[in-house]
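> Sequence lines, in order, name chains A and B. Using my numbering, you'd call the opening residue of the first sequence number 85 and step up by one each time. Using my numbering, you'd call the opening residue of the second sequence number 85 and step up by one each time. If you scroll down you'll find the structure; I have some questions about it.
There are 2 protein chains.
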Amino acid sequence: MKLLITGGAGFIGARLARTLLARSTLAGQRIDQLVLADQFAPPADLVADARVRAITGSLLEQCAGFAGARFDGVFHLASAVSGECELDFDLGMRSNLDSTRALLDALRKAGNTPRVVFSSSVAVFGPDPGKPLPAIVADDTLPAPQTSYGTQKLMCEHLIADMTRKGFVDGRAARLMTVTVRPGKPNAAASSFFSGVIREPLAGVEALCPVDASVSHPVLSPARTIDALIRIFEASREELNGRLALNLPALNVTVQQMLDALESVAGPKVRALVKFQRDERIAGIVANWPQGASAARAKALGLTADTSFEDIIRQYIADQKGSSP
Amino acid sequence: MKLLITGGAGFIGARLARTLLARSTLAGQRIDQLVLADQFAPPADLVADARVRAITGSLLEQCAGFAGARFDGVFHLASAVSGECELDFDLGMRSNLDSTRALLDALRKAGNTPRVVFSSSVAVFGPDPGKPLPAIVADDTLPAPQTSYGTQKLMCEHLIADMTRKGFVDGRAARLMTVTVRPGKPNAAASSFFSGVIREPLAGVEALCPVDASVSHPVLSPARTIDALIRIFEASREELNGRLALNLPALNVTVQQMLDALESVAGPKVRALVKFQRDERIAGIVANWPQGASAARAKALGLTADTSFEDIIRQYIADQKGSSP
């Protein structure tokens, strides 16, 4: 089979690619070709795999060429992140809505109804004006995004549902929780600090936490996120049992609990590297995010959250030693 | 003030225009100019009013010119209807999503945060796969459109909410119920027969009903629909008290009740002109529509549904005699 990962050179995309190549099959079929489309070149180990083809450039411009490729499956992960979409409305509309639509149009033109897993986000949820957001957002909580990023993700969820109903693609939308701990540098996502406050101290570097310790948030480790994307790809329409958008499992933790876990895994000196310095812009965005999420439908697919934040930190440390994809 | 009605030559648009011109004020301001944008020319009585300016052509092409116009308010009614969007996916995306986005972009460029009432639809609601639709859809029922038309309306609702949050426009989305009785000829809306089974018999013409008599549906008369659009335009953000999309009031009636009302107003011979001839395409679309709607938030704005379907028929007969706008 021929697969496409958009955002295939990103952290989640590259890790998903490694996992798929190591499995060598998906949904019972052998993976013959894996196309990684991204603005950047993928890591060298991926490029070295004979099954991988890397396409570098703007997704919006690449899409026209995808009609002829007739992919059997697509993981659509490419996205502008929440912080940049909030600063530049047009960038977000182009990168998230227009690119997704161009991709879906190309897949429709191919005419083979490919399976598509779209990376949506827990950011589709937000408080209704005049109403508090439920503490835990469920699969069927009424979305009310309070960011342009969340709005664009939600619009794409509905577009994918309609194009699936029409038989143009076989789509599903996985609402990613905040993936932590991400390696590398901070990015423009408003949620970036959920990784930074663990990653930087573990590297001996001071980290600033822009929100209060009491802030609660649904998170999931990279490994469980990849597992979920693959399981949701492989699920039959019957297994999905309902609408095509579903929450990924989440560990609902407070910043306080994250830092306690950091101390328990790495000691008090490491934890002391985290300083609180409120950033009103970030705190304002995060204040409109859910404090936690449930995922009954993902659970029915056998997916579960990490059992503790300590486990998530240990997974990150192991990853850094090169023992994970 | 300077107002724009898109779809301003259509049935609702022209009637809204007449009502606004007769009032001569909106939200406490004098109406100086009323621009009617439509693919077709507006009725002669509207063109004759010195305050009216008609612009004929494609909305998508007209939008660029709207940035310089600096409208104080917009009623965005132009839309491809449900039946044609279901037959031609690209037409619906262009007419409903792209045109709305181009309009909002132009209004944003104007820089004066104009008030915008968007005509959304009860078609945003549909049954979740594996779950029956609630018999009565409320303002906060989770939308799951089962038509491309409903999907496009819902995507626009979210776009307007986000652009309002960003301060680009001051938007609100009125979810129209099926407007009946519409005058004139049948159109490509799957709901067209909800007018046809009354209008045609009253004109002495046989009418075919494509669904069972037991089908229930939320309807509202033209006069109440216009009242609601105006009231929602005039509502402050505080009065809206919540999200920007809200259901219009509805009279929830079965086809049987509609025909009984026709008999009671116009006699058994008129009613006998309605024949049942099932149309699977129409019946399939209608089967995924709500059987009824509630409108708590519209009610809080003082809006109410027609008290009986007999009243709706009598209003139509009076309109035909020229006694209403």
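Cβ coordinates follow ideal geometry from the N, Cα and C atoms, glycine included.
Determine the chain A residues that contact B/T235 at a beta-carbon separation under 8 Å, and present them in chain order.
One-based indexing of the second sequence puts residue 235 of chain B at position 151. Ordered by position in chain A, the residues that pass the 8 Å Cβ test against B/T235 are H242, L243, A245 and D246.
> Whose C-beta lies closer than 6 Å to the C-beta of A/Q230 among residues of the same chain, with five residues either side of it excluded?
Looking up residue 230 of chain A in the first sequence gives position 146. Cβ within range, chain order: G210 and N372.
> Which runs of the beta strand (DSSP E) at least 3 residues long sit entirely within the region 277-316 of chain B? Give them in chain order.
Within the region 277-316 of chain B, the complete beta strand (DSSP E) runs of at least 3 residues are 291-293 and 300-304.
> Considering only residues of the same chain and omitting the five flanking positions on each side of A/A190, which have a CB-CB separation below 6 Å?
Mapped onto the first sequence, residue 190 of chain A falls at position 106. Within the same chain, A/A190 has close Cβ partners C147, F150 and A151.
> Among B/Q236, B/A274, B/P267 and B/P270, which has the Cα closest to the Cα of B/A257?
Position 173 of the second sequence, counted from the first residue, corresponds to residue 257 of chain B. Closest by alpha carbon: B/Q236.
> Are there any heavy atoms of the ligand HEM lying less than 7 Å away from the beta-carbon of A/R102, as far as the coordinates show?
Because no ligand of any kind appears in the structure shown, any question about the ligand HEM cannot be addressed here.
> So is B/M342 in contact with chain A if we call contact Cβ pairs under 8 Å?
Within the second sequence, numbered from 1, the residue matching residue 342 of chain B stands at position 258. Not an interface residue.
> Once you ignore the five residues that flank B/V263 on each side, which residues in its own chain have a CB closer than 7 Å to its CB?
If you number the second sequence from 1, residue 263 of chain B lands on position 179. Excluding sequence neighbours, B/V263 sits near I96, L304, P306 and T309.
> Considering only the alpha carbon of each residue, which of B/S163, B/T103 and B/Y233 lies closest to B/E170?
Position 86 of the second sequence holds residue 170 of chain B. When only C-alpha atoms are compared, the closest one is B/Y233.
> Taking 8 Å as the limit between beta carbons, can you name the residues of its chain near A/T109, skipping five residues before and five after?
For the purposes of this step, residue 109 of chain A is taken as the residue at position 25 of the first sequence. Hits under 8 Å: I115.
> Less than 8 Å between the C-beta atoms of A/A297 and A/L343, yes or no?
Position 213 of the first sequence, counted from the start, is the residue given in the question as residue 297 of chain A. Position 259 of the first sequence, counted from the start, is the residue given in the question as residue 343 of chain A. Contact: yes.
> State the Cα-Cα distance for the pair B/L387 and B/R381, rounded to the nearest angstrom.
For the purposes of this step, residue 387 of chain B is taken as residue 303 along the second sequence, with counting starting at 1. For the purposes of this step, residue 381 of chain B is taken as residue 297 along the second sequence, with counting starting at 1. The straight-line gap from Cα to Cα measures roughly 9 Å.
> By the 10 Å Cβ neighbour count, where 16 or more other Cβ atoms means buried, how is B/S279 classified, buried or exposed?
Position 195 of the second sequence, counting from 1, holds the residue named residue 279 of chain B. It counts as buried.
> Decide if A/P126 is buried, meaning its Cβ has at least 16 other Cβ atoms within 10 Å, or exposed.
In the first sequence, the residue the question calls residue 126 of chain A occupies position 42. Classification of A/P126: buried, given that the 10 Å Cβ count is 16 or more.
> Could you pull the start and end residues of the beta strand (DSSP E) that B/K359 belongs to?
As a first step, residue 359 of chain B is located in the second sequence; it is residue number 275 there, counting from the start. V358 to F360 is the span of the beta strand (DSSP E), which, as asked, contains B/K359.
> For the alpha helix (DSSP H) that A/S108 lies in, which residues bound it at each end?
Reading the first sequence from its first residue, position 24 is the one you call residue 108 of chain A. Segment: none, A/S108 is in no alpha helix (DSSP H) and carries neither H nor E.
> Mind pulling the alpha helix (DSSP H) runs of 4 or more residues that sit fully within the region 219-271 of chain A?
Taking only runs of at least 4 residues, the alpha helix (DSSP H) segments lying wholly in the region 219-271 of chain A are 232-249.
> In terms of alpha-carbon separation, which member of B/K193, B/I244, B/R102 and B/A101 lies closest to B/R327?
Residue numbering aside, residue 327 of chain B sits at position 243 when the second sequence is read from its first letter. Ranking the options by Cα distance to B/R327, first place goes to B/I244.
> Distance, Cα to Cα, A/G112 vs A/R266?
Here residue 112 of chain A refers to the residue found at position 28 of the first sequence. Here residue 266 of chain A refers to the residue found at position 182 of the first sequence. So the alpha carbons of these two residues sit roughly 30 Å apart.
> Kindly indicate which three-state DSSP category A/Q375 falls into: helix, strand or coil?
In the first sequence, counting from the first residue as 1, residue 375 of chain A sits at position 291. Here A/Q375 sits in coil by DSSP.
> For A/E290, which residues in the same chain have their Cβ closer than 6 Å to its Cβ, ignoring the five residues on either side in sequence?
Within the first sequence, numbered from 1, the residue matching residue 290 of chain A stands at position 206. Excluding positions up to five away in sequence, the list reads L357.
> Can you list, in chain order, the residues of the region 359-386 of chain B whose Cβ is nearer than 9 Å to any Cβ on chain A?
Answer in chain order: no residues at all.
> Can you name the residues of chain A whose CB is closer than 8 Å to the CB of B/M239?
As a first step, residue 239 of chain B must be located in the second sequence, where it is residue number 155. Going along chain A in sequence order, the residues near B/M239 (Cβ under 8 Å) are M239, H242 and L243.
> Do we get a CB-CB distance below 8 Å when we pair B/L144 with the residues of chain A?
As a position in the second sequence, residue 144 of chain B is number 60, starting the count at 1. It does not: the Cβ of B/L144 has no partner Cβ on chain A nearer than 8 Å.
> Leaving aside the five residues before and after A/G251 along the sequence, list all residues of the same chain whose C-beta is less than 8 Å from its C-beta, in chain order.
As a position in the first sequence, residue 251 of chain A is number 167, starting the count at 1. T197, listed in sequence order.
> Helix, strand or coil for B/N180 per DSSP?
Within the second sequence, residue 180 of chain B is the residue found at index 96, counting from 1. In the structure shown, B/N180 sits in a helix (DSSP, three-state: H, G or I).
> Applying the 10 Å Cβ sphere with the 16-neighbour rule, what's the burial state of B/A132?
Within the second sequence, the letter at position 48 stands for residue 132 of chain B. The residue in question, B/A132, is exposed, as its Cβ has fewer than 16 Cβ neighbours within 10 Å.
> What first and last residue would you give for the alpha helix (DSSP H) that runs through B/G406?
On the second sequence, residue 406 of chain B is found 322 positions in, with the first residue counted as 1. From DSSP, B/G406 is part of no alpha helix (DSSP H); its letter is neither H nor E.
> Just mark A/D254 as buried or exposed, buried being the case when its beta carbon has 16 or more other beta carbons within 10 Å.
Within the first sequence, residue 254 of chain A is the residue found at index 170, counting from 1. Counting Cβ neighbours within 10 Å, A/D254 comes out buried, since at least 16 surround it.
> Could you compute how far the alpha carbon of A/E410 sits from the alpha carbon of A/I282?
Shown here, chain A extends from 85 to 409; a query on residue 410 of chain A therefore has no answer.
> In whole angstroms, give me the CA-to-CA distance for B/N325 and B/D246.
The sequence position of residue 325 of chain B within the second sequence is 241, counting from 1. The sequence position of residue 246 of chain B within the second sequence is 162, counting from 1. Distance between the alpha carbons of B/N325 and B/D246: 16 Å.
> Between the C-alpha atoms of B/T103 and B/M177, what's the straight-line distance to the nearest angstrom?
Locating residue 103 of chain B in the second sequence gives position 19, counting from the first residue. Locating residue 177 of chain B in the second sequence gives position 93, counting from the first residue. Their Cα atoms are separated by approximately 31 Å.
> Which stretch, first to last residue, makes up the alpha helix (DSSP H) that contains A/V354?
As a first step, residue 354 of chain A must be located in the first sequence, where it is residue number 270. P352 to R355 is the span of the alpha helix (DSSP H), which, as asked, contains A/V354.
> What did DSSP end up calling B/L330 once you bin it into helix, strand or coil?
In the second sequence, the residue the question calls residue 330 of chain B occupies position 246. Strand, per DSSP.
> Helix, strand or coil: which one does DSSP assign to B/I139?
In the second sequence, residue 139 of chain B corresponds to position 55, counting from 1. B/I139 falls in the strand class under three-state DSSP.
> Nearest CA to the CA of B/A164: which residue from B/A274, B/A194 and B/P213?
Here residue 164 of chain B refers to the residue found at position 80 when the second sequence is read from its first residue. Nearest option by C-alpha distance: B/A274.
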